[in-house]
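A short worksheet on the structure shown next.
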Amino acid sequence: MRVIDMHTHIVASGVPAPDRDERWPVLVERDDARADVIVAGRVFRTVSRVAYDLHERAARLARGHAQVLSPMPELFSYWATPKAAADYCTSVNEWIAVGVKKSPHAFRGFGIAPMQDPDAACRQLSQIAGLGLSGVEIGSNISGVPLHDARHTEFFEEAARFGLVVFVHAFHPPGIGTFSDPMAGNGVTFPNEIGHAMGGLIAEGILERFDDLKLLASHGGGSLVSLLPRLRFIAKNYEGARARMPKDPSDYARKIFYDMLVFSAPLLNLLIDNVGVGRVVVGSDEPFMNHDPLTLLDHFPHVSSATIESIRWGNAERLLGW
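Under the working numbering, the first residue of the sequence shown carries the number -19, and numbering increases by one thereafter.
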């Protein structure tokens, strides 16, 4: 059966560092069909071959399955100077575009942009669209600056103008460094971080202003669903908030698409109840998580086959224009 996985990652191989700063991610292949991603002289992550060999990845895809390729978030490099970051983003985006063109039946791609410089990020969107990529992946914060900050407004306007999907991935949440185990920190902070990011875009009126903006939230939107009743109360009772959210906050939440990477059938059901089945897509976080989110759909025997198909591929096809 057809499946479009909207949340998968790659590490571009052979991409040169634009300057001598050792913080640029570097892929170093090993003898065991894996590679180390070196950041600042240390192994940040060891990845399997399918993370950087798209020929191998396409060959391993199940029949009827397709993936949207997004860079590993550490490749965002929001710490870099705007010029170096723009050059690096261009190289990564071109690498993804080549892979998509070689296997158009298997892949679509999201690029990255130097979000630390709003003007450069807007220019990058033109390049991303020109490469035939379907969207842009951005962090949930840009070196601590929230997405609802006014300096990002033009970026969202340009993304909407180009018809590009903006895939918001939880990234470097506050407090994650306090955990002795990075993955435990991931488990605690990522849902809160993505909920904060999407809630901010609602509360600050970004989704009221840009009706055509195509937003995709990672990790099922995290805590956003639990924020909506409180936002509704505040919008109803406080004039300043109501000016930015003249509609019910849930109406804005229903403009966003969400991957189903929530690890729980009841949570998935809660997400669907709040945003509608037409806004949920498959997301696996492949190849970084050993998890098949499609198994959650086995817990919905009462749901029609047409509804299941919309989650497996129909909603993603509509979002991507595939």
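All residues carry an ideal CB built from backbone N, CA and C; glycine is no exception.
For T(-12), the enclosing beta strand (DSSP E) stretches over residues V(-17) to I(-10).
If you look at D16, you'll find it in the beta strand (DSSP E) that goes R14 to V19. Using a 10 angstroms sphere on the CB of P226, the tally of other CB atoms stays under 16, which defines it as exposed. In the displayed model, E173 falls within a helix according to three-state DSSP. Between F151 and S120 a beta carbon distance of about 5 Å is seen, short of the 8 Å cut, so the two are scored as contacting. Rounded to the nearest whole angstrom, the C-alpha separation of V148 and L181 is 11 Å. Around A20, the same chain offers E2 and R3 as residues with beta carbons nearer than 7 Å, after the five sequence neighbours per side are excluded. Between the alpha carbons of N166 and H(-13) lies a gap of roughly 16 Å. Taking the Cβ atoms as the reference, V146 lies roughly 6 Å from V116, within the contact range of under 8 Å. As for any alpha helix (DSSP H) of minimum length 4 sitting wholly inside the stretch 94 to 152, the runs are 98 to 110 and 133 to 142, ordered along the chain. Rounded to whole angstroms, Y218 and L204 show a C-alpha spacing of 20 Å. For R43, the secondary structure class from DSSP, reduced to helix, strand or coil, is coil. Rounded to the nearest whole angstrom, the CA to CA distance from N172 to G202 is 6 Å. Residue range K194 to A197 is occupied by the beta strand (DSSP E) that includes A197, with no alpha helix (DSSP H) assigned at that position. Between D239 and G256, the CB-CB gap reaches or exceeds 8 Å. Every beta strand (DSSP E) stretch that sits fully inside the stretch 186 to 226 and reaches 3 residues is listed by chain position as 194 to 197. Residue range R22 to S28 is occupied by the beta strand (DSSP E) that includes V27. Leaving aside the five residues that flank A177 on each side, the residues in its chain whose CB is nearer than 6 Å to its CB run, in chain order, S120, L127 and V148. In summary, N270 is exposed, with fewer than 16 beta-carbon neighbours lying within 10 Å of its beta-carbon over all protein chains present. For S284, DSSP records no beta bridge to any residue.
For the pair D231 and G258, the Cα-to-Cα distance works out to about 14 Å. For V260, the CB contacts under 7 Å within the same chain, skipping 5 residues up- and downstream, are Y238, M240, L251, I252, I291 and N295 in chain order.
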